[in-house]
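The opening position of the sequence shown corresponds to residue 1 in full-length UniProt numbering, with each subsequent residue numbered one higher. A virtual CB, placed ideally from N, CA and C, is assigned to each residue, including glycine. Below is one structure, written out as structure tokens, with a few remarks after it.
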Amino acid sequence: MVELRHPSSSLGSRVASSPMKRDEDTSPLIHDHFSQHVEDHPRHSSRDRERSFWWQTYSFSPFSKDDPRFSQRGSRISLFLLLFVAIAGLISIFSILHRLNSPYLCKKDGIVLHCPRVKEKPSLWENPFSATTSWKPCAERREGGISAKVSHYFEHCADLPPENETSGYLFIHAEGGLNQQRIAICNAVAVAKIMNATLILPVLKQDQIWKDQTKFEDIFDVDHFINYLKDDVRIVRDIPEWFTDKSELFTSIRRTVKNIPKYAPAQFYIDNVLPRIKEKKIMSLKPFVDRLGYDNVPPEINRLRCRVNYHALKFLPEIEQMSDLLVSRMRNRTGSPNPYMALHLRFEKGMVGLSFCDFVGTREEKARMAEYRQKEWPRRYKNGTHLWQLALQKRKEGRCPLEPGEVAVILRAMGYPKETQIYVASGQVYGGQNRMAPLRNMFPNLGFTLPVSLLIYGSIKAVYLFRPVNDHYKTFKQVTKEELASKEELAAFRKHVTSLAALDFLVCLKSDVFVMTHGGNFAKLIIGARRYVGHRQKSIKPDKGLMSKSFGDPYMGWANFVEDVVITHQTRTGLPEETFPNYDLWENPLTPCMCKA
Numbered sequence: 001m002v003e004l005r006h007p008s009s010s011l012g013s014r015v016a017s018s019p020m021k022r023d024e025d026t027s028p029l030i031h032d033h034f035s036q037h038v039e040d041h042p043r044h045s046s047r048d049r050e051r052s053f054w055w056q057t058y059s060f061s062p063f064s065k066d067d068p069r070f071s072q073r074g075s076r077i078s079l080f081l082l083l084f085v086a087i088a089g090l091i092s093i094f095s096i097l098h099r100l101n102s103p104y105l106c107k108k109d110g111i112v113l114h115c116p117r118v119k120e121k122p123s124l125w126e127n128p129f130s131a132t133t134s135w136k137p138c139a140e141r142r143e144g145g146i147s148a149k150v151s152h153y154f155e156h157c158a159d160l161p162p163e164n165e166t167s168g169y170l171f172i173h174a175e176g177g178l179n180q181q182r183i184a185i186c187n188a189v190a191v192a193k194i195m196n197a198t199l200i201l202p203v204l205k206q207d208q209i210w211k212d213q214t215k216f217e218d219i220f221d222v223d224h225f226i227n228y229l230k231d232d233v234r235i236v237r238d239i240p241e242w243f244t245d246k247s248e249l250f251t252s253i254r255r256t257v258k259n260i261p262k263y264a265p266a267q268f269y270i271d272n273v274l275p276r277i278k279e280k281k282i283m284s285l286k287p288f289v290d291r292l293g294y295d296n297v298p299p300e301i302n303r304l305r306c307r308v309n310y311h312a313l314k315f316l317p318e319i320e321q322m323s324d325l326l327v328s329r330m331r332n333r334t335g336s337p338n339p340y341m342a343l344h345l346r347f348e349k350g351m352v353g354l355s356f357c358d359f360v361g362t363r364e365e366k367a368r369m370a371e372y373r374q375k376e377w378p379r380r381y382k383n384g385t386h387l388w389q390l391a392l393q394k395r396k397e398g399r400c401p402l403e404p405g406e407v408a409v410i411l412r413a414m415g416y417p418k419e420t421q422i423y424v425a426s427g428q429v430y431g432g433q434n435r436m437a438p439l440r441n442m443f444p445n446l447g448f449t450l451p452v453s454l455l456i457y458g459s460i461k462a463v464y465l466f467r468p469v470n471d472h473y474k475t476f477k478q479v480t481k482e483e484l485a486s487k488e489e490l491a492a493f494r495k496h497v498t499s500l501a502a503l504d505f506l507v508c509l510k511s512d513v514f515v516m517t518h519g520g521n522f523a524k525l526i527i528g529a530r531r532y533v534g535h536r537q538k539s540i541k542p543d544k545g546l547m548s549k550s551f552g553d554p555y556m557g558w559a560n561f562v563e564d565v566v567i568t569h570q571t572r573t574g575l576p577e578e579t580f581p582n583y584d585l586w587e588n589p590l591t592p593c594m595c596k597a
């Protein structure tokens with residue numbers, strides 16, 4: 001016979017099979033509380049699950065050693081797990097704190113620059129505010145100069161002695177244009193410090209092209225220069241009186257050191273130049289263009305160069321005032337205050353010829369340019385058969401100057417409107433009005449200073465000159481009805497061509513956005529100075545290699561081109577980045593000359 005059982009009875013038998021329940025079944029109250037146990041089953045089930053979870057956690061805990069079921073192996077595993085969790089937690093906390101406290105800094109990965117993300121909305125005229133608050137200038141003059149710091153590297157210059165107790169006198173010619181001369185002056189102060197020598201005020205060498213005879217005191221504030229550096233280097237205005245044959249410094253080989261290699265280390269001057277200065281008492285260094293390195297000198301020497309560049313070398317008050325006037329007129333050309341852009345356009349005939357790049361033009365233009373290159377650079381020109389491949393390679397590598405029309409297209413792709421006020425710092429543009437037409441059509445509000453050639457060749461008018469291919473100077477119509485500067489206002493600057501270069505430099509330096517189109521000391525110094533004051537001002541450096549690919553792609557539409565331009569140049573606006581090895585500090589002074597804010 002089959003015995004029928006109620007489901008609850010089988011449940012009760014299974015429950016009673018456990019040791020705990022078997023003990024509880026002996027109680028006479030089991031039947032009285034069974035119904036209550038069934039009614040409360042959901043609540044007890046939840047509690048049992050919680051108890052089970054904490055019981056398992058407790059079983060792995062090192063504090064459960066009193067439990068008889070605790071094993072030595074479980075203790076080791078639990079200790080390891082707790083230690084791992086603690087270390088991971090500490091690492092996470094320190095990582096978060098480091099991110100919160102670390103300064104904004106872009107990192108280079110090959111040729112790509114990676115910058116921290118910001119939540120701010122992109123601006124056409126300023127870098128993100130969060131990128132400008134992490135660094136501050138720290139190359140300014142301090143009590144006692146840098147003598148004590150440099151003594152670790154050069155014991156002979158631990159203290160700054162009187163003029164008649166230094167190693168001797170150092171004399172240099174600052175060659176080239178204004179900006180190359182500026183770099184030479186900074187290097188001269190650094191070399192004088194390295195050798196503990198007295199520096200004679202550098203002489204600005206006469207320009208061979210314009211026959212300019214500008215002196216140091218015609219451009220810079222000499223008193224401020226000497227006084228600001230008095231705790232670092234002894235500087236005198238002229239050759240000492242006891243040295244009677246002053247012309248010997250300019251002509252005599254016995255008084256000249258000529259074997260200085262480019263980017264020489266500091267130790268080279270200690271080993272090779274200092275003994276001759278001690279022997280002769282006065283020595284001239286010639287040539288002195290790029291004769292001091294960057295990575296092979298003490299950091300304090302690089303900081304001293306920044307101190308000279310950004311603090312000691314000040315233009316004369318009249319030059320500063322004139323530049324402020326030009327800046328004010330650029331900002332108010334439309335009757336209301338507006339930001340303006342400064343464009344350093346490097347497309348002169350000499351630059352085009354020296355680049356050996358190929359540019360759009362007629363056959364006659366290309367033939368004349370070939371004759372010009374063959375005449376000026378016969379060794380590089382040779383027979384001319386290799387120049388086409390060379391031009392293609394240089395353009396692919398981004399080593400060709402941007403044409404005015406290419407600059408205009410890039411700026412429009414970045415989002416700058418047609419009404420943008422642009423100050424153009426340039427020499428005579430190769431190709432004349434035709435070459436400038438695309439830029440003028442896309443940005444009609446162009447403002448110019450008077451070019452150097454205009455002051456030398458004659459009349460001063462409120463016009464801008466272009467140099468056509470046939471090398472004849474022609475006058476084209478005014479850019480605007482208003483003059484940026486009148487004849488009377490610029491009369492004082494006619495004497496020295498370098499003064500006009502100084503005006504260009506200052507107006508570009510004070511612009512809201514600066515755009516360079518090719519290399520050179522002018523652009524490097526401006527970008528470096530704008531970075532030094534806080535990275536707030538945009539300094540755009542176009543990626544010419546990428547742009548050459550985009551310009552040469554016949555299937556690329558405008559939308560794709562805009563996307564490429566915007567993404568590529570997000571990090572090419574003068575943001576904070578380390579001064580990487582073999583990179584001069586004039587364009588990026590952050591590592592040696594700036595500190596965390």
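Judged by DSSP in its simplified three-state form, Thr385 adopts coil rather than helix or strand. By alpha-carbon distance to Lys538, the top candidate from Leu490, Cys357, Met414 is Met414. In the three-state scheme derived from DSSP, where H, G and I count as helix and E and B as strand, Lys108 is classed as strand. Here the C-alpha atom of Pro404 lies approximately 21 Å from the C-alpha atom of Leu509. The C-alpha of Leu285 is placed about 12 Å away from the C-alpha of Ile185. Note that the C-beta distance between Asp232 and Arg331 is not below 9 Å.
For Leu345, the enclosing beta strand (DSSP E) has its first and last residue at 340 to 345. Looking at the DSSP output, Ser539 sits in a beta bridge with Phe514. Within the same chain, His173, Ala174, Glu175 come within 7 Å of Lys205 by CB-CB distance, once the 5 residues on both sides are set aside. According to DSSP, residue pairing for Ser426 in a beta bridge involves Leu345. Leu83 places its beta carbon 9 Å or farther from that of Pro576. Taking each of Lys119, Met547, Asn309 in turn and checking the Cα distance to Cys593, the smallest one comes out for Asn309. Ranked by Cα distance from Leu326, the first of Leu313, Lys314, Ala342, His311 is Ala342. Annotated as distal: Val409 and Leu345, with beta-carbon spacing of 9 Å or more. By the neighbour-count criterion, in which 16 or more other beta carbons inside 10 Å mark a residue as buried, Arg76 falls on the exposed side. Put simply, of Lys544, Ala370, Phe288 the residue whose alpha carbon is nearest the alpha carbon of Pro261 is Phe288.
DSSP, reduced to helix, strand and coil, places Pro592 within a helical segment of the structure shown.
Shown here, His114 sits in a strand according to DSSP, grouped into three states.
In this structure Val189 touches Leu229 by the C-beta definition: roughly 6 Å separates them, less than 8 Å. Put simply, of Arg536, Pro298, Arg291, His569 the residue whose alpha carbon is nearest the alpha carbon of Ile183 is Arg291.
Bounds of the beta strand (DSSP E) holding Tyr169 are 169 to 174. Within a 10 Å sphere around the beta-carbon of Val85 sit fewer than 16 other beta-carbons, which makes this residue exposed. Separation of Asp553 and Ala370 (C-alpha to C-alpha, rounded to the nearest whole angstrom) is 27 Å. In this structure, Arg237 lies near Leu201, with their beta-carbon atoms less than 9 Å apart.
In this structure, Pro116 lies away from Gln570, with their beta-carbon atoms at least 9 Å apart. Assignment of Pro298 by DSSP, reduced to helix, strand and coil, places it in the coil class. The residues Ser355, Cys357, Lys394, in chain order, have a CB closer than 6 Å to that of Cys400 in the same chain once the five nearest residues on each side in sequence are set aside. Counting only the Cα atoms, Ala367 lies some 32 Å from Lys541. Ranked by Cα distance from Glu587, the options Thr198, Val424, Phe522 are led by Phe522. When rounded, the separation of the alpha-carbon atoms in Glu320 and Leu503 is 8 Å. Arg255 counts as buried, since at least 16 other C-beta atoms from the protein chains shown sit within 10 angstroms of its C-beta.
Glu578 and Lys107 have their C-alpha atoms roughly 7 Å apart. Selection Gly574, Pro265, Phe580, Tyr372 evaluated against Thr132 yields Gly574 as nearest (Cα-Cα). Assignment of Pro137 by DSSP, reduced to helix, strand and coil, places it in the strand class.
Between Ile93 and Ile194, the gap from beta carbon to beta carbon reaches 9 Å or more.
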